[in-house]
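Going line by line, the protein sequences match chains R and U.
For the first sequence, counting from 1, position 325 maps to 324 in numbering that gives the first Met the number 0; every step adds exactly one.
For the second sequence, counting from 1, position 37 maps to 36 in numbering that gives the first Met the number 0; every step adds exactly one.
Quick reminder that beta carbons are idealized off the backbone N, C-alpha and C, glycines included.
Some notes on the structure that comes next.
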Amino acid sequence: MIYLDNAATTKMSEEVFDAMKPYFCEQYANPSAIYSFAGSAAKAVDEARKKTAALIGARSEEIYFTAGGSESDNWAVRAAAAFGKAKGKHIITSTIEHHAVLHTCQYLEKQGYEVTYVNVDAHGKIKLDALEAAIRPDTILITVMAANNEIGTIQPLKEIGAIAKKNHILFHTDAVQAYGHIPLNVDEMGIDLLSASGHKFNGPKGTGFLYIRRGVRIGALIHGGAQERSRRAGTLNTPNIVGMGVAAELAARSLDERMKKEAALRDYLIDRILKEVPYSRLNGHLTDRLPNNANFCFEFIEGESLLILLDQQGICASSGSACTSGSLDPSHVLLAIGLPHEIAHGSLRLTLSGETTKEEIDFTVEAIKQIVERLRAMSPLYEDSIKRGDINVQ
Amino acid sequence: MYSEKVMDHFNNPRNVGTIENASGVGTVGNAKCGDIMRIYLDIGDDGVIQEAKFKTFGCGAAVATSSMATELVKGKTVQQALEVTNKAVMEALDGLPPVKVHCSLLAEEAIHAALWDYAQKNNLTIEGLKKPVDDIEEKVKEE
Ligand SMILES: Cc1ncc(COP(=O)(O)O)c(C=O)c1O
Numbered sequence: 000m001i002y003l004d005n006a007a008t009t010k011m012s013e014e015v016f017d018a019m020k021p022y023f024c025e026q027y028a029n030p031s032a033i034y035s036f037a038g039s040a041a042k043a044v045d046e047a048r049k050k051t052a053a054l055i056g057a058r059s060e061e062i063y064f065t066a067g068g069s070e071s072d073n074w075a076v077r078a079a080a081a082f083g084k085a086k087g088k089h090i091i092t093s094t095i096e097h098h099a100v101l102h103t104c105q106y107l108e109k110q111g112y113e114v115t116y117v118n119v120d121a122h123g124k125i126k127l128d129a130l131e132a133a134i135r136p137d138t139i140l141i142t143v144m145a146a147n148n149e150i151g152t153i154q155p156l157k158e159i160g161a162i163a164k165k166n167h168i169l170f171h172t173d174a175v176q177a178y179g180h181i182p183l184n185v186d187e188m189g190i191d192l193l194s195a196s197g198h199k200f201n202g203p204k205g206t207g208f209l210y211i212r213r214g215v216r217i218g219a220l221i222h223g224g225a226q227e228r229s230r231r232a233g234t235l236n237t238p239n240i241v242g243m244g245v246a247a248e249l250a251a252r253s254l255d256e257r258m259k260k261e262a263a264l265r266d267y268l269i270d271r272i273l274k275e276v277p278y279s280r281l282n283g284h285l286t287d288r289l290p291n292n293a294n295f296c297f298e299f300i301e302g303e304s305l306l307i308l309l310d311q312q313g314i315c316a317s318s319g320s321a322c323t324s325g326s327l328d329p330s331h332v333l334l335a336i337g338l339p340h341e342i343a344h345g346s347l348r349l350t351l352s353g354e355t356t357k358e359e360i361d362f363t364v365e366a367i368k369q370i371v372e373r374l375r376a377m378s379p380l381y382e383d384s385i386k387r388g389d390i391n392v393q
Numbered sequence: 000m001y002s003e004k005v006m007d008h009f010n011n012p013r014n015v016g017t018i019e020n021a022s023g024v025g026t027v028g029n030a031k032c033g034d035i036m037r038i039y040l041d042i043g044d045d046g047v048i049q050e051a052k053f054k055t056f057g058c059g060a061a062v063a064t065s066s067m068a069t070e071l072v073k074g075k076t077v078q079q080a081l082e083v084t085n086k087a088v089m090e091a092l093d094g095l096p097p098v099k100v101h102c103s104l105l106a107e108e109a110i111h112a113a114l115w116d117y118a119q120k121n122n123l124t125i126e127g128l129k130k131p132v133d134d135i136e137e138k139v140k141e142e
């Protein structure tokens, strides 16, 4: 099997698993308990909090553990909206956010908030002038993702943070795809709230965190016990939190080297596809993109068919075609960068890991070439383009 | 998520291709929604479908329903071909996931469109056949 869907989830590393094991059956104490038996669990959670914070230049006490990226996004956006209500009910976001943010914004619109969805350019970068122009006296939150999960485009967080700060507006970023994959620093980037998720950087699934800058007084997500400074009640998930901490530590240690390795392989992949597959295009930014992300469109074919045939060769990938999303429209991200529907339907996302090899990429490129050719031979759109003389086939 | 039959027809689609000077050609669906089917029919003087071919842009179910629909109409008379409904196509494929039922409707529609084209070319009226609704060329141009 060749796993090229690391944006969907990653393999949990063995070291993470080993670190988690003692906290199931041996050190099972509730880390909030007072007796010494709980000491080991409490210490391990503290350690994890430190490691998680270190990767973004935050303080331990600014990390609030949650059950994943979606929860952190929901919490950040809803709580910031509630907190800002006295000042105003206007939120600014981008057109290419993950649904965890987009659907939360749509929910808030039903509650009487107004949301401006700022456009992105053809490479998926937010238009900073449009962002600035969208700011109003009643704007209370800017939420823009750090890096896009489909096309990998990295946003100018520092510039957005500066704009937010200048206008005294809270800045939240969904860093689920970025955390552990590219350098992030909450102070340098002026970030007030940041969401991340363990399973996207070789940690356990169902565990994430929300960074809340000290002094930002957004409300609690879950009421109950005093865990997470009374902002997110519930007995801590010790093994998962410990696992995420170790994953953060490993990610920090390997970051530079992994980024270089992944980016080199990604560029090799992009280069080969664009050269060897006619009528293909790269989606997203050429350089400001996640080191492990490649996203293509192949004209005249549809993504789901492509995925099924790749699967038959043991290759796991994903697509933004309508058929894979269960709706009639292709991905909102591909439409937002200006692709026509019929081209957006033929998209393919390949996301690498630090363990992906050149052999795997070569095998995948060969498979894609052969599958694209096969599907085009079956495509009425391809036939029409040849007849119209729009394209040349040798 | 797909039945074995669907996967078989997707992996080894029957009747992919075109027919030169076909008796009737029908194209339905549109690229916007992600499915286009084109069916070519060769119909003898006796009104029997000698040959059926297809080209499809779409998901696994779209390819499989096109393949099955062309199989089902081959050797049938025009009247019998009209009775190849989307239900018949689905049953022959051992079912489709609910979100893919529209693919079978498209296959039925493509057969009808090809028969309509045949009727137009030959000045025939085929009982029970309505003008196809989907004019994809129009829709594609509108984009
Ligand atoms: C950008 C982005 N935000 C949020 C999420 C949701 O994260 P989780 O699966 O941990 O809830 C994802 C995961 O797909 C993502 O890619």
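Query	Result
For Met414 of chain R and chain U, any beta-carbon pair shorter than 8 Å?	Here chain R comprises residues numbered 0 to 393, so residue 414 of chain R is not present and cannot be evaluated.
What is the DSSP secondary structure of Tyr381 of chain R, counted as helix, strand or coil?	helix
Does the beta-carbon distance from Lys357 of chain R to Tyr267 of chain R come in below 8 Å?	yes
For a cutoff of 8 Å on Cβ pairs, would you count Ile385 of chain R as touching chain U?	no
Quick one: which residues of the stretch 262-296 of chain R get their C-beta closer than 8 Å to a C-beta of chain U? List them in chain order.	none
Just to confirm the assignment, what range does the alpha helix (DSSP H) spanning Asn239 of chain R have?	Thr237 to Glu275
Collect the residues with a C-beta less than 5 Å away from any heavy atom of ligand 1 and give them in sequence order along the chain.	R:Gly67, R:Gly68, R:Ser69, R:His97, R:Ala99, R:Asn148, R:Asp173, R:Val175, R:Gln176 and R:Ser196
Could you check where the alpha helix (DSSP H) with Gly59 of chain U kicks off and where it finishes?	Gly59 to Val72
Taking C-alpha atoms, which residue in R:Lys259, R:Ser196, R:Asp173 and R:Ile181 lies nearest to Ile190 of chain R?	R:Asp173
Please report the distance separating the alpha-carbon of Leu351 of chain R from that of Tyr34 of chain R.	45 Å
Any contact of the stretch 96-115 of chain U with the stretch 81-88 of chain U, i.e. 3+ C-beta pairs under 8 Å?	yes
Just the chain U side, please: which residues come within less than 9 Å of Ser12 of chain R by C-beta, in chain order?	Neighbours of Ser12 of chain R on chain U: none; closest Cβ ~30 Å, over 9 Å.
By the DSSP assignment, the beta strand (DSSP E) with Ile162 of chain R in it spans what residues?	Where Ile162 of chain R is concerned, there is no enclosing beta strand (DSSP E), although the alpha helix (DSSP H) it sits in stretches over Leu156 to Lys165.
Alpha carbon to alpha carbon, how far is Ile390 of chain R from Asn29 of chain U?	20 Å
Using 10 angstroms around the beta-carbon of Ala6 of chain R, count the other beta-carbons present and answer buried if the total reaches 16, otherwise exposed.	buried
How many Å lie between Gly345 of chain R and Asn282 of chain R at the Cα?	11 Å
If we define contact as Cβ-Cβ less than 8 Å, is Asp331 of chain R a contact residue for chain U?	Checking the sequence, you will find His at residue 331 of chain R rather than Asp. No - not a single Cβ of chain U is within 8 Å of the one on His331 of chain R.
Ligand 2 and Ala112 of chain U: does the residue's C-beta get closer than 7 Å to at least one heavy atom of that ligand?	What this structure holds is ligand 1, not ligand 2.
Please report the residue range of the alpha helix (DSSP H) in which Ile307 of chain R lies.	Gly302 to Gln311
If we define contact as Cβ-Cβ less than 8 Å, is Phe299 of chain R a contact residue for chain U?	yes
Scan the stretch 196-240 of chain R and note each continuous alpha helix (DSSP H) run of 4 residues or more that stays entirely inside, going in chain order.	226-229
Using only the alpha-carbon positions, how far apart do Ala247 of chain R and Thr51 of chain R sit?	6 Å
Roughly how many angstroms lie between the CA atoms of Ile62 of chain R and Glu227 of chain R, to the nearest whole one?	8 Å
Enumerate in chain order the residues of its own chain whose CB-to-CB distance from Ala78 of chain R is below 6 Å, with the five nearest sequence positions on each side excluded.	Ile217 and Gly218
So if DSSP puts Ile125 of chain R in a beta bridge, which residue, or which two residues, is it bridged to?	R:Val119
Could you tell me which chain U residues have their CB closer than 8 Å to the CB of Leu380 of chain R, listed as they occur along the chain?	Ala30, Ile35 and Phe56
Report yes if the C-beta distance between Ser330 of chain R and Ala316 of chain R is below 8 Å; otherwise report no.	no
Based on DSSP bridge pairs, tell me the residues matched to Asn184 of chain R.	Answer is none; Asn184 of chain R lacks a bridge partner.
Threshold first: 4 residues or longer. Then list the alpha helix (DSSP H) segments lying entirely within the stretch 17-59 of chain R, N to C.	21-24 and 38-53
Check the C-beta distance from Gly337 of chain R over to Ala132 of chain R and give it rounded, since I have them as a contact under 8 Å.	Not confirmed; about 20 Å, so no contact.
Hey, could you find the ends of the beta strand (DSSP E) Glu354 of chain R is sitting in?	That residue, Glu354 of chain R, is in no beta strand (DSSP E); it is neither H nor E in DSSP.
Mind checking the stretch 36-70 of chain U against chain R and listing, in chain order, the residues whose C-beta falls within less than 7 Å of any C-beta there?	Arg37, Lys54, Thr55, Phe56, Gly57, Cys58, Gly59 and Val62
Can you name the start and end residues of the beta strand (DSSP E) that Cys296 of chain R belongs to?	Asn292 to Phe297
Could you check if Asn147 of chain R is buried or exposed, using at least 16 other CB atoms within 10 Å of its CB as the buried criterion?	buried
For chain U, check one thing: does any of its Cβ atoms lie closer than 8 Å to the Cβ of Ile307 of chain R?	yes
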